[in-house]
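Enquirer: Pasting in a structure now, in structure tokens, and then I'll have a few things to ask.
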Amino acid sequence: MSSQSWTGRARRATLEKFKPEDLLPEEQPAYVASWVYVFGVATIAALVMLIASGLVLTLNGPAWWHTSSVGHYVNSVHLWSVELFFVFMVVHLWGKFWMAAWRGRRLATWITGVVAFMASIMTAFTGYLIQTNFDSQWIASEAKDGFNSMGIGAYFNALNTGQAILLHVSLLPLALGGIVAWHIILVRRKGVVPPIDNDVTIEGSSK
Amino acid sequence: MQLALINLNHPAHYFSFGPFAISGGNLAIIIAMCVIFIAALFIPFPHSNNFSQDDKKEDRK
Amino acid sequence: MMKVDPAKKWSGPMRPYDLVKEIVVAIVVIGLLACGLAALFSSPDEKAVTLKSWVTAAPADFAQVATGELAGTTGSAGYGAPYNTAAKGQHFGFIKLQDWAGVRIPINPANSFVVEPLLISNDATAIAAVNTWKAATADQRGKWANAYEGALTKAGDKTTLPDPNNSFGPVPAMIDGLSMMAASGALDGALLTSDSTLPTNFTKPMLFLADSDGYFGALATKQHLGGDQWGVMNETGSWPGQSWLWLFSFWYQIDPFKSSDNADTIIMLIMALLTLALMFLPLLPIIRRIPYKIPVHRLIWRNWYRSPASKQ
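Shown next as structure tokens:
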């Protein structure tokens, strides 16, 4: 039955595009056998740690960690998760570059990865803005010039701590989570790119 | 409220060369990143020599 | 050698894989790593500064900057959009994004940082001085404030100066009053609550504070946080910072950018362009060929290339 209802179209455009074994596979092409492949999942694991530690930090308000040793420790977990997150993401990016992983109609996968990187930078930046300490004051006072010079500062005011807090805990993580989910779905749908030189076309079709 | 085994709450050491200047902390992160990438390239992956289709019983981890 | 179309689903040999196990193991390992690093190194928390801590630590700098707000010589007084129309703002050729965005956060530093806070103080002398200031012409105010700012700068560490030639008008009394208000902590509250009684917006006190090179700027320079010190990627103490901003930070270290009045605009535009380049890297000639020319992939897939399956 292929009705023209919106629901039917939505189902065909999403659920029916996937076989369950593509989404949660129990086997991979034989060439997927290198430690280089673990950095995507390591980045996701660091993101899970970021969200978990970040949610704990939200429970008692933005200034809690200045006065509580538990709060400070959770803040430290959040900070080191950020450092790990970016380390793994950049190593993942390097790996995918050297594999020319955009071959075989995987351009959208590459682009969503770069957008995720940019969204991560903005999310991390707003995190630095809401530390409510000297570092955040200085970063805000410097960053406002950068944003103002682009006409962005009139809408995103780095000196407005309340705005930065809400962006950091709502819109930006939602956007990042969404783009990461899209990226992963594309990877699962297209499969892992085969080795270079095994291509039919030497250039590889990237479009 | 610093409960750290290694205290980093002191002025950083900076490495400079020409227009470049980098703090010890950032340099450590960037070196770690390069080491991790190179290690991932060279360290053999467990069971990566099984390429026959009949070898599915072998678990990877 | 086996040829496959990378756009088609792989039909060659497979190996066992356990996706759920992989993500669970990764979360446990990375979680332990993050918790361990947090216990080992903790995280930085350099206490925030206030107008009170500023006037306490550097009273002469405070007096000079406050007088500068009246004279219109500080960074925020001469800023332009989005705060005021004192300048055209940064541009790149005909691209004047800062100016085009307009004054959306209107702030008149002389009024917002000095005059209005003094009017809600209990200081009769200062209020009388403010009334004299408000009654004077703009030209007269400028003369008073410029004369006092020049004298304070020349005097160095002095916070208040006598006025033998009667050339400073009400300015010394206003600055004395503002300094006292700041020392009591009342000025922090006054600037913060001027627009909202339960504020989360620090624009006014932060803009005032950011006009201070002698205190606020000096604290940052000491921590290597200045823009020309790669400060964008640095952190207080010895912790690592936002090292992923290295390329953004880099442009501020070299000419012609570091000496340009439009450095922010130009560097933001360059970074926007480079971001687009990274995004569409798979379409860029030469660069997209690098992974073929420098065969790191031979290392990544070395077992595969050696296997009989790849040669079928």
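Residue numbers (my numbering), protein chains in the order written: chain A, 9 to 215; chain B, 1179 to 1239; chain C, 3 to 314. Built from N, CA and C at the ideal position, the CB exists for glycine as well.
1) Applying the criterion that 16 or more other CB atoms from any shown protein chain within 10 Å of the CB defines a buried residue, is residue 163/A buried or exposed?
2) Under 8 Å Cβ-Cβ, which residues of chain A neighbour residue 1218/B?
3) By the three-class DSSP mapping on this structure, what secondary structure does residue 200/A have?
4) Where DSSP assigns a beta bridge to residue 1199/B, which residues make up the other side?
5) Secondary structure at residue 158/A, three-state DSSP: helix, strand or coil?
6) Can you pull the DSSP bridge partners for residue 36/A?
7) If you measure from the beta carbon of residue 1209/B to each beta carbon in chain D, is any gap under 8 Å?
8) Could you give the distance in angstroms between the alpha-carbon of residue 16/A and the alpha-carbon of residue 25/A?
9) For residue 137/C, tell me which candidate among 123/C, 282/C, 117/C and 250/C has the shortest Cα-Cα distance.
10) Kindly list, in the order they appear in chain A, the residues whose Cβ is closer than 7 Å to that of residue 1221/B.
11) Determine whether the Cβ of residue 44/C lies closer than 8 Å to any Cβ atom of chain B.
12) Can residue 20/C and residue 34/A be called in contact, C-beta distance under 8 Å?
13) How about residue 181/C and residue 31/C: are their beta carbons less than 8 Å apart?
14) I'd like to know whether the C-beta of residue 212/A is nearer than 8 Å to at least one C-beta of chain B.
15) Specify whether the segment 234-249 of chain C and the segment 1199-1208 of chain B touch according to this definition: at least 3 beta carbon pairs, one from each stretch, less than 8 Å apart.
16) Give the DSSP-derived three-state secondary structure of residue 108/C in the structure shown.
17) Judging by CA-CA distance, which residue of 172/C, 124/C and 120/C is the nearest neighbour of residue 142/C?
18) Between residue 24/C and chain A, is the shortest Cβ-Cβ distance under 8 Å, so that the two count as touching?
19) What number of angstroms, rounded off, separates the C-alpha of residue 190/C from the C-alpha of residue 238/C?
20) Please name the residue, chosen from 37/C, 92/C and 149/C, that lies closest to residue 85/A on a Cα-to-Cα basis.
21) Taking 8 Å as the threshold (beta carbon to beta carbon), is residue 122/A in contact with chain B?
22) If you compare alpha carbons, which of 205/C, 289/C and 217/C is closest to residue 376/C?
23) May I have a chain-ordered list of the beta strand (DSSP E) segments no shorter than 3 residues that lie completely inside the segment 58-96 of chain C?
24) Which residues in chain B sit within 8 Å of residue 91/A, going by Cβ to Cβ distance?
25) Counting C-beta neighbours from all protein chains within 10 Å, is the total for residue 115/A 16 or more, i.e. buried, or is it exposed?
26) Identify each residue in the segment 229-258 of chain C for which the Cβ-Cβ distance to at least one residue of chain B is less than 7 Å, and report them in chain order.
27) Between which two residues does the alpha helix (DSSP H) containing residue 64/A stretch?
28) Would you kindly check if the distance between the Cβ of residue 148/A and the Cβ of residue 166/A is under 8 Å?
29) Looking only at C-alpha atoms, which of 108/C, 89/C, 223/C and 11/C sits nearest to residue 197/C?
30) Would a check of beta-carbon distances place residue 32/A closer than 8 Å to chain C?
31) Which class does residue 6/C belong to by DSSP, given the choice of helix, strand or coil?
32) According to a CB-to-CB cut-off of less than 7 Å, which residues of the segment 186-206 of chain A neighbour chain C?
33) Quick one: using the 10 Å Cβ neighbour count with 16 as the cut-off for buried, is residue 176/A buried or exposed?
34) Flag this pair as yes or no: are the beta carbons of residue 51/C and residue 209/C separated by less than 8 Å?
35) Quick test of your reading: residue 60/C and residue 216/C, contact by CB under 8 Å. State the CB separation rounded to the nearest angstrom.
36) Are residue 53/C and residue 157/C touching if we call contact CB-CB under 8 Å?
Expert: Let's see:
1) Counting from one through the first sequence, the residue named residue 163/A turns up at place 155. The residue is exposed, with fewer than 16 neighbouring Cβ atoms inside 10 Å.
2) By one-based count along the second sequence, residue 1218/B stands at place 40. What residue 1218/B touches in chain A: 42, 43, 44, 46, 47, 99 and 103.
3) Along the first sequence, one-based indexing puts residue 200/A at 192. If DSSP states are grouped into helix, strand and coil, residue 200/A belongs with coil.
4) Within the second sequence, the letter at position 21 stands for residue 1199/B. DSSP, once it has assigned bridges, lists 1194/B as partnering residue 1199/B.
5) In the first sequence, residue 158/A corresponds to position 150, counting from 1. In the structure shown, residue 158/A sits in coil (DSSP, three-state: anything other than H, G, I, E or B).
6) Taking the first residue of the first sequence as position 1, residue 36/A is located at position 28. The partner list for residue 36/A (beta bridge, DSSP) reads 17/C.
7) Absent here is chain D; the protein component of the structure consists of chains A, B and C.
8) The residue given as residue 16/A occupies position 8 in the first sequence. The residue given as residue 25/A occupies position 17 in the first sequence. Whole-angstrom Cα-Cα distance: 13 Å.
9) Indexing the third sequence from 1 puts residue 137/C at position 135. The shortest Cα separation from residue 137/C among 123/C, 282/C, 117/C and 250/C belongs to 117/C.
10) Working through the second sequence from its first residue, we reach residue 1221/B at position 43. Chain A residues near residue 1221/B: 43.
11) By one-based count along the third sequence, residue 44/C stands at place 42. Taking Cβ atoms only, chain B reaches closer than 8 Å to residue 44/C, which makes this a yes.
12) Taking the third sequence and counting its residues from 1, one reaches residue 20/C at position 18. Taking the first sequence and counting its residues from 1, one reaches residue 34/A at position 26. Yes, these two residues count as a Cβ contact at 8 Å.
13) Taking the first residue of the third sequence as position 1, residue 181/C is located at position 179. Taking the first residue of the third sequence as position 1, residue 31/C is located at position 29. No, they are not a contact pair.
14) The count along the first sequence starts at 1 and reaches residue 212/A at position 204. Any answer about residue 212/A is weak, because its pLDDT of 45 lies below 50 and its placement is not dependable; what the coordinates show is given next. Closer than 8 Å: no.
15) yes
16) Stepping through the third sequence from its first residue, residue 108/C is reached at position 106. In the structure shown, residue 108/C sits in coil (DSSP, three-state: anything other than H, G, I, E or B).
17) Reading the third sequence from its first residue, position 140 is the one you call residue 142/C. Of the listed residues, the one whose Cα sits closest to residue 142/C is 172/C.
18) Start at 1 with the first residue of the third sequence, and residue 24/C comes out as number 22. Taking Cβ atoms only, chain A reaches closer than 8 Å to residue 24/C, which makes this a yes.
19) Your numbering for residue 190/C matches position 188 in the third sequence. Your numbering for residue 238/C matches position 236 in the third sequence. Whole-angstrom Cα-Cα distance: 24 Å.
20) Here residue 85/A refers to the residue found at position 77 when the first sequence is read from its first residue. Residue 37/C is the option with its Cα nearest to residue 85/A.
21) Taking the first residue of the first sequence as 1, we reach residue 122/A at position 114. No - not a single Cβ of chain B is within 8 Å of the one on residue 122/A.
22) Residue 376/C falls outside the range modelled here, since chain C spans only 3 to 314, and no answer is possible.
23) none
24) Here residue 91/A corresponds to residue number 83 of the first sequence, with the count starting at 1. Going along chain B in sequence order, the residues near residue 91/A (Cβ under 8 Å) are 1207.
25) Position 107 of the first sequence, counted from the start, is the residue given in the question as residue 115/A. When all chains shown are included, residue 115/A counts as buried.
26) 231, 232, 235, 236, 237, 239, 240, 241, 242, 243, 245, 255 and 256
27) Locating residue 64/A in the first sequence gives position 56, where the first residue counts as 1. 47-67 is the span of the alpha helix (DSSP H), which, as asked, contains residue 64/A.
28) Your numbering for residue 166/A matches position 158 in the first sequence. Your numbering for residue 148/A matches position 140 in the first sequence. Yes. Within cutoff.
29) Within the third sequence, numbered from 1, the residue matching residue 197/C stands at position 195. The option with the nearest alpha carbon to residue 197/C is 108/C.
30) On the first sequence, residue 32/A is found 24 positions in, with the first residue counted as 1. Yes, residue 32/A counts as interfacial toward chain C.
31) Your numbering for residue 6/C matches position 4 in the third sequence. Of the three classes helix, strand and coil, the one that applies to residue 6/C here is strand, per DSSP.
32) 199, 201, 202, 203, 204, 205 and 206
33) Counting from 1 along the first sequence, the entry for residue 176/A is found at position 168. Residue 176/A is buried by the Cβ-count criterion.
34) If you number the third sequence from 1, residue 51/C lands on position 49. If you number the third sequence from 1, residue 209/C lands on position 207. Result no, Cβ atoms of residue 51/C and residue 209/C do not sit closer than 8 Å.
35) Residue mapping note: residue 60/C aligns to position 58 of the third sequence, counting from 1. Residue mapping note: residue 216/C aligns to position 214 of the third sequence, counting from 1. Contact flag correct, Cβ pair sits at about 6 Å.
36) For the purposes of this step, residue 53/C is taken as residue 51 along the third sequence, with counting starting at 1. For the purposes of this step, residue 157/C is taken as residue 155 along the third sequence, with counting starting at 1. Not a contact, by the Cβ cut-off of 8 Å.
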